[in-house]
Amino acid sequence: MPAKDYYKVLGVSKTASNKEIRDAYRKLAKKYHPDRNPNDKSAEEKFKSVQEAYDVLGDETKRKQYDQMRDGAFFGGFGGGFGPGGQGGFRPHPGAGGQQFRYEDLSGFGDLGDLFSSIFGFGGMGRGAGGPQAGFGTHFGPMRGEDIHAEIEIPFEQAISGGKTTFQIAREEECSRCGGTGTEPGSGTQTCPTCNGRGSVATSQGAFSISRPCPACLGRGVTGGRPCSACGGQGVAAHTRSIAVKIPAGVGNGSKIRIAGQGQKGSQGGPAGDLILTVRVREHAKFRREGSTIYSDVTVNLAQAVLGANVKVETIDGPVNLRIPPGTQPGRKLRLKGKGVKKVHGNGRGDHIVQVDVRIPESLGDAEREAFIKFADTAKLSH
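With the first letter of the sequence shown counted as 1, position 3 gets the number 3 in UniProt numbering; the numbers rise by one all the way through.
Listed below in structure tokens is the structure:
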């Protein structure tokens, strides 16, 4: 029994994003929906295939399991289905690349039976339609919503000290006009006569029972009415809202902040996904940062560099005195311990490194020139 290529069914590549898969599903579901193609058995079968493909590829866990089977031995074998006795064991067959199916290959898969049921056309392991399920069976339960990935830009100072900010997030939420049904209010709906409002139908295939989303109501449990004028029948619409974001002290550029439950809404009662923000820190006019270390520059005059001096330098805590040792050379780095950034992992703070720049006079008055000549002669320096 040949395996199904769900990526081909939806017309997307294996590397397609969740959004690309969702968009492809919606486009094809509209195209082949039975309401748009009455008495068209071919369109109905295509609609079922599209729904089945999305049930797997639209769920991150199922998609991962499917990809593992698709790339491994599973898709090359199972030509004879079950072994002797019908429900006994699987009969080994050569897989892709000449591999053999082994029972230990099943380890690490969750609802593996759900995938076998869909991919290879097996029904539930029940005894006929409505029979007790024992093992393999298609499950259309709650699905977690997708995560939303976005970037948030914060000032340099806020990355150092932490705090709270707000973030505008655009995500799909239940349509406020139709309440998520996808049907225009007041246009008249009724309990789906095909599934009696359950949203799924069971069919028998020999000794097995197969559960599928109802093709008449798209799994909603109701039929009739016009598509909602606000969401076009999708049941969801894009909404923008502000949420509070806590910025940890010491967060670095490129760090990620996860906010649970602020991603896309789940389906069939499933939990919402998460919002994952990538932090972008604005540059500072005076300070540079690498990890928990702050870098800055200070300029001193020639006399301060030669004779030594105390100068004021700016730090993230405010101005402090810095001792310039006598004979300081241009480019020398001086360390202010504990004046850097709070360490995100671990205790304490980093250091502040100050690089010294020595300013050389561009022009000299007569008295200054005589003083330098006298100094050069005394030190026996050529000039």
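Ideal placement from N, C-alpha and C gives every residue a C-beta, glycine not left out.
- Short of 8 angstroms from the beta carbon of Thr-293, and not among the five residues preceding or following it, lie these beta carbons of its own chain, in chain order: Gly-340, Val-341, Gly-350, Asp-351, His-352, Ile-353.
- Rounded to whole angstroms, the gap between the alpha carbons of Ala-237 and Lys-265 is 11 angstroms.
- Taking Cys-214 as reference, the option from Phe-47, Arg-22, Leu-28 with the minimal CA-CA separation is Phe-47.
- Contact holds between the segment 164-176 and the segment 236-252, because three or more Cβ pairs, one in each stretch, are under 8 angstroms apart.
- For Val-56, the enclosing alpha helix (DSSP H) begins and ends at 41-57.
- Assigned with DSSP and collapsed to three states, Asn-310 falls in strand.
- In this chain, the alpha helix (DSSP H) harbouring Thr-378 covers 366-378.
- With a cutoff of 7 angstroms on beta-carbon distance, Gly-250 and Val-320 are scored as not near each other.
- One Cα belongs to Ser-49, the other to Ser-200, and the distance between them is close to 15 angstroms.
- Between the segment 222-236 and the segment 251-262, the count of Cβ pairs shorter than 8 angstroms is below three; the stretches do not touch.
- The beta-bridge partner set that DSSP reports for Asp-357 consists of Thr-299.
- Here Ile-148 really is in contact with Leu-275; their C-beta atoms are around 5 angstroms apart, less than 8 angstroms.
- If you draw a 10 Å sphere on the C-beta of Gly-346, you find fewer than 16 other C-beta atoms in it, and that means exposed.
- Within the segment 160-222, the complete beta strand (DSSP E) runs of at least 3 residues fall at 163-174, 200-205, 208-213.
- Segment contact: the segment 20-31 against the segment 51-67, three or more CB-CB distances shorter than 8 angstroms; contact assigned.
- Asn-18: member of the alpha helix (DSSP H) spanning 18-32, first to last residue.
- Shown here for Pro-325: same chain residues with a beta carbon closer than 6 angstroms to its own, the five before and five after excluded, namely Gly-308 in chain order.
- Following the DSSP letters along the chain, one finds Lys-8 in no beta strand (DSSP E) but inside the alpha helix (DSSP H) bounded by residues 6-10.
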